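Take a look at the structure below.
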Amino acid sequence: MIAPPELPTLSPADKGRVTLLYHFARLQMPAVKLAEPVFLAHLQRTFHIFLPKNQVPVSWAGYLEGLYAVDWLVCVGCLEGQSAAWEALFNARTGRSDCLLVDALRARAVRLYPRNEERQDTAVTEFWSNLIAPESEGTLPVLARYDGQRPLAPWLIRVFQNWHLSKLRQTTGVTALPDDEIALPMETPKSNGSDRWHETFVSAAREWLGSIDDDERLLLGLRWRYRLSQREAAKLFNLNEGTLTRRTDKLRDRALEFVGGKLIAEGWAGDELEDFVLTELGALLTDDPRLSADQLGRLLATKGKTLPIE
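With my numbering, you'll find the sequence shown wraps up at 441, consecutive numbering, no jumps.
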């Protein structure tokens with residue numbers, strides 16, 4: 132068993148940085164009150180969380196330089212039971228969409244559990260309760276896992292999504308692609324470079340679409356142009372639903388990897404890459420001539436099948 136890395140010793144210069152950070156945090160959020168020893172203890176704890184994620188040693192100066200100090204203080208304040216910190220978390224805004232954190236979590240829940248409003252509501256409620264209460268014995272509450280090295284609200288959204296994807300895998304063995312996932316309206320980047328990103332996306336997506344085979348294009352067309360369910364599409368392919376689900380998920384993952392890689396190579400630095408790709412992909416799939424009704428009809432005819440009525 133590999134021992135966890137030890138924290139580097141606080142040098143006099145590091146102690147000065149910590150003191151400066153403490154007073155900066157007090158100025159930014161005076162309603163969140165932490166004694167300096169408590170502040171330092173939490174700082175050591177979160178640095179300890181961060182250390183194993185790095186292959187090279189990290190100094191105190193390096194850790195503090197990357198710290199999102201206000202978000203870190205909100206998280207620590209919540210763990211300490213301070214109402215001002217909870218109020219700040221309730222009012223946190225996320226990304227370019229500028230929506231409340233709880234609304235962003237609900238939007239993710241809708242994608243994860245389409246047409247199941249009860250499960251959507253309980254998903255958000257359960258996650259919120261697990262922010263400071265561990266899900267099971269021997270585990271940490273969600274907020275106690277935050278290392279302060281990225282914005283808090285986007286990190287919580289990602290943890291929420293991964294948590295529920297893990298639950299879906301445990302239940303079904305695979306992560307089913309919700310029928311309406313790509314068609315859902317989602318916020319896209321609003322910036323002066325949005326046209327550039329759209330053009331880069333279209334070029335990359337068309338290149339990816341040309342790299343897949345006819346069966347994969349047929350699957351895309353049936354699922355997103357004709358909105359067939361997993362069961363309906365499986366019948367046309369003469370496959371069981373589990374096999375088709377795995378094919379669908381692999382196809383989506385390959386699209387995200389290929390197209391997302393192209394965007395990152397061009398300098399994309401946003402937090403919502405997956406949402407942007409899936410949103411834009413839905414429109415492209417219904418417009419591309421390789422997925423037209425005539426072309427899909429020809430592909431189905433080779434299997435002795437006919438298109439559903441559009």
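For every residue, glycine included, the Cβ atom is placed at its ideal position computed from N, Cα and C.
Computed from a prediction, not measured in an experiment: that's the story for all the values here.
query, result
"For PHE221, does the count of other Cβ atoms within 10 angstroms reach 16, so buried, or fall short, so exposed?", "exposed"
"On a CA-only basis, which of PHE368, VAL169, LEU427, PHE332 is nearest ALA386? Give me that one, please.", "PHE332"
"Taking just the CA atoms, how far does SER260 sit from THR253?", "10 Å"
"Where does ARG385 fall in DSSP's three states?", "helix"
"Given TYR277, which residues of its chain have a CB within under 6 Å of its CB, disregarding the five upstream and five downstream residues?", "CYS206"
"By the 10 Å Cβ neighbour count, where 16 or more other Cβ atoms means buried, how is GLY296 classified, buried or exposed?", "As written in the sequence, residue 296 is Leu, which differs from the Gly given in the question. Under this definition LEU296 is an exposed residue."
"When burial is assigned at 16 or more other CB atoms within 10 Å of the CB, is ASP419 buried or exposed?", "buried"
"Inspect the beta-carbon positions of PRO282 and TYR199 and report whether they are closer than 7 Å.", "yes"
"Let's test the definition: count the other Cβ atoms within 10 Å of the Cβ of VAL187 and tell me whether it reaches 16, buried, or not, exposed.", "exposed"
"Can you give the Cα-Cα distance for TRP399 and HIS154, rounded to whole angstroms?", "34 Å"
"Check whether the Cβ atoms of PHE178 and ARG239 sit closer than 7 Å, and answer yes or no.", "no"
"Just to confirm, are LEU204 and ALA156 a CB contact at a threshold of 7 Å?", "yes"
"One question on the structure: do ARG362 and GLU372 come within less than 7 Å of each other, judged by their Cβ atoms?", "yes"
"Check the DSSP bridge columns for CYS230 and list the partner residues they point to.", "THR225"
"For SER142 and ALA192, what's the separation of their Cα atoms in angstroms?", "10 Å"
"Given this structure, state the Cα-to-Cα distance separating LYS436 from SER423, to the nearest angstrom.", "16 Å"
"By Cβ distance, which residues of its chain are closer than 7 Å to LEU404, with the 5 residues on each side in sequence left out?", "GLY391, LEU394"
"What does the alpha-carbon distance come out to for the pair ASP344 and GLU411?", "21 Å"
"Starting from the C-beta of TRP294, find all residues in its chain whose C-beta is less than 6 Å away, skip the five residues before and the five after it, and write them out in chain order.", "none"
"Rounding to the nearest angstrom, what Cα-Cα distance links VAL241 and PHE258 in this structure?", "14 Å"
"Note the first and the last residue of the continuous alpha helix (DSSP H) segment covering THR177.", "167-181"
"Measure from the alpha carbon of THR396 to the alpha carbon of each residue in THR379, ALA432, ALA335, ARG378, then state which is nearest.", "Per the sequence presented here, residue 396 reads as Ala, with Thr not at that position. If we check each option's Cα against that of ALA396, ALA335 comes out closest."
"If you compare alpha carbons, which of LEU182, ASP346, LEU262, THR150 is closest to LEU430?", "ASP346"
"Would you check if the distance between the CB atom of ARG354 and the CB atom of ALA364 is smaller than 7 Å?", "yes"
"Take the Cβ of ASP406 as the centre, count every other Cβ of all protein chains shown within 10 Å, and call the residue buried at 16 or more, exposed below.", "buried"
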